[in-house]
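Trainee: The structure follows.
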Amino acid sequence: MEILEVFNTLGPGQLFLLLVALFVAFGFEVVNGFHDTANAVATVIYTKSMKPTPAVIWSGLWNFIGVHAGGIGVAFSIVHLLPVDLLVNIKTGR
Numbered sequence: 005m006e007i008l009e010v011f012n013t014l015g016p017g018q019l020f021l022l023l024v025a026l027f028v029a030f031g032f033e034v035v036n037g038f039h040d041t042a043n044a045v046a047t048v049i050y051t052k053s054m055k056p057t058p059a060v061i062w063s064g065l066w067n068f069i070g071v072h073a074g075g076i077g078v079a080f081s082i083v084h085l086l087p088v089d090l091l092v093n094i095k096t097g098r
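In terms of the working numbering, the sequence shown opens at residue 5 and continues consecutively.
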């Protein structure tokens, strides 16, 4: 089953809730990234090892690389633990 076929089977309410959930998750990640960057650059800025702008850019770059290098691997590991066939065939009362 292709991704687009899954979206075609969702009702308007379900699609709306999915989009809201994705928006909230992305918003959380942005806020979490701000906190990670602040913690990561505080020491190098305080000790004047780097100027603030390059320190924030450098930290953002490595946070981005870290999410794509390690974060996706964890997500795929969790997905492979789930019994997908059982989840897809759940009766929802309709």
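We put the beta carbon where it would ideally sit given N, CA and C, even for glycine. Quick caveat, the model's predicted, so the values are computed rather than measured.
Quick check for students: name the residue ranges of the alpha helix (DSSP H) that lie wholly in the region 26-98, counting only runs of 4 or more.
Mentor: 56-70, 76-85, 88-92
Trainee: Applying the 10 Å Cβ sphere with the 16-neighbour rule, what's the burial state of S63?
Mentor: The count along the sequence shown starts at 1 and reaches residue 63 at position 59. The residue is buried, with at least 16 neighbouring Cβ atoms inside 10 Å.
Trainee: Would you kindly check if the distance between the Cβ of V45 and the Cβ of A29 is under 8 Å?
Mentor: Here the question's residue 29 lines up with position 25 in the sequence shown. Here the question's residue 45 lines up with position 41 in the sequence shown. No, Cβ-Cβ distance for A29 and V45 is not below 8 Å.
Trainee: Is the beta carbon of F27 closer than 8 Å to that of L19?
Mentor: Locating residue 19 in the sequence shown gives position 15, counting from the first residue. Locating residue 27 in the sequence shown gives position 23, counting from the first residue. No, the Cβ-Cβ distance between L19 and F27 is not below 8 Å.
Trainee: Look at the alpha carbon of G15 and the alpha carbon of L21, and state the distance between them as a whole number of angstroms.
Mentor: The residue you call residue 15 lines up with position 11 of the sequence shown. The residue you call residue 21 lines up with position 17 of the sequence shown. Taking the straight line from one Cα to the other gives about 10 Å.
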